[in-house]
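Participant:
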Amino acid sequence: MSGFHEEIDLDCRPEDVWTYVIDPTHLPEWQASAVSAEQLDDGPFGLGSRVRVTRHVGRRDMPMTMECTQYEPYRSWSVRGIDGPVRGSFHAEITPLDDGRRTHLTMDLDFDARGIGKVLVPLVVRPQVRKELPQNERLLKQRLEHTGA
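Structure representation (structure tokens):
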């Protein structure tokens, strides 16, 4: 996957990172563009789960549906957009550090554009993501290390 690749080390256990980041309701707490997120199906988040995420993109809020396409508990997961003009593909992996006392989180993000999305992705989405990613990492680090979320 090309696009954006980020890595961050967190001073908390991999289980705590997993529990927090895999819960879609936490997205607005650590992703600056996420306005809201809700799981559309019952049961715990996992393979095949769908999540409706509304993101502030440019000057407007854009709802999109994401589907979990890969799920290996406490290790990795992937989601992909299944509707809308801008469809994200996200993959993350968790690696324990220091005998499980710390965590290395790797995140890859890219986009598929349809219709007006072919204009939005290069002109609005990619620049916004480039600017937002460092802020998201700070928010995630703050949430997990300082508030014990």
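For the sequence shown, our numbering begins at 571 and goes up steadily by one. Cβ coordinates follow ideal geometry from the N, Cα and C atoms, glycine included. These numbers were taken from a predicted model, which means no experiment stands behind them.
(1) If I'm right that residue 610 touches residue 620 with Cβ under 8 Å, what's the distance once you round it to whole angstroms?
(2) Three or more C-beta pairs under 8 Å: does that hold for the region 687–702 against the region 584–592?
(3) Sorted by chain position, which residues of the same chain lie with C-beta nearer than 7 Å to residue 702's C-beta, five sequence neighbours on each side aside?
(4) Per DSSP, residue 664 is paired with what?
(5) Identify whether residue 583 lies in helix, strand or coil by the three-state DSSP scheme.
(6) Between the C-alpha atoms of residue 705 and residue 712, what's the straight-line distance to the nearest angstrom?
Facilitator: Straight from the coordinates:
(1) 4 Å
(2) no
(3) 602 and 603
(4) 675
(5) coil
(6) 10 Å
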